[in-house]
Amino acid sequence: MSALRDALRDLSDDVFFDLLESEDAYLLVLDVPGVSAESLNLAIEEGEISIDAHRDKEPTGDYRYLEENRSLFLDVDLPLPDDASDAGAEATVNRGVLEVTLPKRGAGEETTIDIVDEDA
């Protein structure tokens, strides 16, 4: 998981995030102001999660931009933790906050191993 933490720390200072962990999953929370589900693309492939988010830019009413300081887009590729699984991954965006839940591989599953008595 240190690769993911390092990649998150390398993001621009204007990208705010939290990374949480439970016994069963990781939760990545990213602020993506002005982004909707329609302007957001997520993909998990080859051990990375790709996030491509675009902010709607049109000012409302009779307003026009005098100065722009908010980023128009976020395009990042982040490595998944070694024990994270893309199966069952979920994402939601609500009021400019993206939450990505990545289940841990084998979380909540118990594996029993049959032991064979070779002396019998």
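Just so you know, the sequence shown maps onto residues 0 to 119 in numbering that gives the first Met the number 0. Using N, Cα and C, we set each Cβ at its ideal position, and we do this for glycine too.
The stretch 87-96 / the stretch 18-35 touching (three or more Cβ pairs under 8 Å): yes
Same chain only: Cβ atoms within 7 Å of LEU73, ignoring 5 sequence neighbours per side: VAL14, VAL31, ILE50, ALA52
Same chain, Cβ closer than 6 Å to ASP17, five either side skipped, listed in chain order: VAL28
Between the CA atoms of ALA86 and PRO80 - distance to the nearest angstrom: 14 Å
Where the alpha helix (DSSP H) through ASP5 begins and ends: 1-8
Terminal residues of the beta strand (DSSP E) in which PHE15 lies: No beta strand (DSSP E) holds PHE15; DSSP gives it neither H nor E.
Where SER35 falls: helix, strand or coil (DSSP): coil
Enclosing beta strand (DSSP E) for ASP74 [first to last residue]: First-last of the beta strand (DSSP E) with ASP74: 72-78.
Sequence-distant residues of its chain with Cβ nearer than 7 Å to LYS120 (five each side left out): Residue 120 is absent from the model: the chain starts at 0 and stops at 119.
Buried or exposed by the 16-neighbour rule on C-beta atoms within 10 Å, applied to TYR25: buried
Element boundaries [beta strand (DSSP E), containing TYR25]: It spans 24-30 - the beta strand (DSSP E) in which TYR25 sits, taken as one unbroken run.
DSSP beta-bridge partners of ALA90: Partner(s): VAL99.
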